[in-house]
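The structure appears right after this line, and notes come after that.
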Amino acid sequence: MEDLSPLWISIKTAGLATIFAFFLGITVAGWMFSYRGKGKGIIDSILTLPIVLPPTVVGFLLLLLL
Numbered sequence: 000m001e002d003l004s005p006l007w008i009s010i011k012t013a014g015l016a017t018i019f020a021f022f023l024g025i026t027v028a029g030w031m032f033s034y035r036g037k038g039k040g041i042i043d044s045i046l047t048l049p050i051v052l053p054p055t056v057v058g059f060l061l062l063l064l065l
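Structure below.
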């Protein structure tokens, strides 16, 4: 039987990342829903960037901004 430990590590990592992203997303969505201050459009755009652009482009833009 082959060693399946890399597979289990990948499954555990993916599961934990999914759970973390889920709860972080719910928290940020609730905060953004109730937030009415200045800059809401900019914050919303920044949070939407990973959905619209490939990760390498987002990383490059963040490097340029820093």
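With numbering that gives the first Met the number 0, the residue at position 53 of the sequence shown is 52, and numbering never jumps. Heads up, the beta-carbon is just placed ideally off N, CA and C, and yes, glycines get one too.
message: Pairs of beta-carbons, one from the segment 21–32 and one from the segment 42–51, closer than 8 Å: are there three or more?
response: Contact between the segment 21–32 and the segment 42–51 is present, with at least three C-beta pairs closer than 8 Å.
- request: Would you check if the distance between the CB atom of Leu67 and the CB atom of Val57 is smaller than 9 Å?
  value: No answer is possible for residue 67: the residues shown for the chain start at 0 and end at 65.
message: Quick check: Leu52 and Leu60, are their CB atoms within less than 9 Å of each other?
response: Closer than 9 Å, so yes.
query: Would DSSP call Asp43 helix, strand or coil?
result: DSSP, read as helix, strand or coil, puts Asp43 in helix.
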